[in-house]
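Please read the structure below before turning to the comments.
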Amino acid sequence: MLNKKIENTFNEQINKETYSAYLYQSLSAHAKHIGLNGVANWFQIQVQEEISHAQKLYNYINERGGKVKLQVIEEPPSEFENIQNMFEETLKHEEFITKSINELMDLAMNERDHASQIFLQWFVTEQIEEEDNVNEILNTLKLIGNSGNGLRMFDKELAARVFTPPTV
Ligand code: OFO
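5 is the number of the first residue of the sequence shown in the working numbering; add one for each residue after it.
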């Protein structure tokens with residue numbers, strides 16, 4: 005059985021993951037609007053990933069005899085300066101999520117909830133990958149600079165991204 009403190013914090017994390025999906029949906033819409041269909045696709049995959057993260061937490065709370073409680077989702081930004089700014093915002097958000105997962109892990113450790121620590125390990129690893137992916141994109145964008153051709157190639161590359169549902 006989950007203790008209340010952990011249950012509440014896991015419910016807050018469902019909200020953060022759902023907000024992540026909402027933010028990336030907004031970034032995808034913006035990319036589509038400015039004609040970057042590959043970037044729009046990349047963010048769409050990101051939306052599906054975030055929904056799967058929220059679902060993982062939802063399932064876990066239920067499995068441990070807790071109660072899922074959904075909360076209000078904040079409005080995400082809808083205007084972005086340029087493509088760099090879109091991915092900088094993404095990195096900033098992922099760093100915020102990493103911090104939140106680490107705090108959840110600290111809580112599970114303090115509460116001596118071993119099952120939650122094992123469960124959260126998946127998220128700890130996932131956040132390494134999430135930040136790494138975005139950092140790589142930001143480095144590529146730096147190299148591209150103002151090259152229209154480079155940006156077109158980059159957009160094409162992101163069009164190939166597909167969603168792979170998490171297995172664990
Ligand atoms: Fe982007 O990893 Fe969940 O929020």
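Cβ coordinates follow ideal geometry from the N, Cα and C atoms, glycine included.
Item: Beta-carbon within less than 7 Å of Ile105's beta-carbon, same chain only, minus the 5 sequence neighbours each way: which residues are those?; Value: Leu124, Phe127, Val128, Gln131
Item: Taking one C-beta from the stretch 39-52 and one from the stretch 67-76 each time, how about it: are there three or more such pairs within less than 8 Å?; Value: no
Item: Go through the stretch 105-167 residue by residue and report every complete run of the alpha helix (DSSP H) that reaches 4 residues or more, in order.; Value: 118-148, 152-162
Item: Would you mind reading off the limits of the alpha helix (DSSP H) that contains Asn7?; Value: No alpha helix (DSSP H) holds Asn7; DSSP gives it neither H nor E.
Item: Under 8 Å by Cβ, that's how I've got Val138 and Thr168 pegged, so tell me the actual separation to the nearest angstrom.; Value: No, Val138 and Thr168 are not in contact; Cβ-Cβ is about 17 Å, not under 8 Å.
Item: Within 7 Å: the Cβ of Ser32 and any heavy atom of the ligand OFO?; Value: no
Item: Rounded to whole angstroms, what's the CA-CA distance from Glu98 to Ala163? Just pull it up for me.; Value: 21 Å
Item: How should Ile77 be labelled, buried or exposed, when 16 other C-beta atoms within 10 angstroms of its C-beta is the threshold for buried?; Value: exposed
Item: Can Ile55 be considered in contact with the ligand OFO, in the sense that its beta carbon sits closer than 7 Å to one or more heavy atoms?; Value: no
Item: Would His118 and Ser82 be called neighbours here (beta carbons separated by less than 8 Å)?; Value: no
Item: Could you check the C-alpha separation between Glu54 and Gln75 for me, to the nearest Å?; Value: 16 Å
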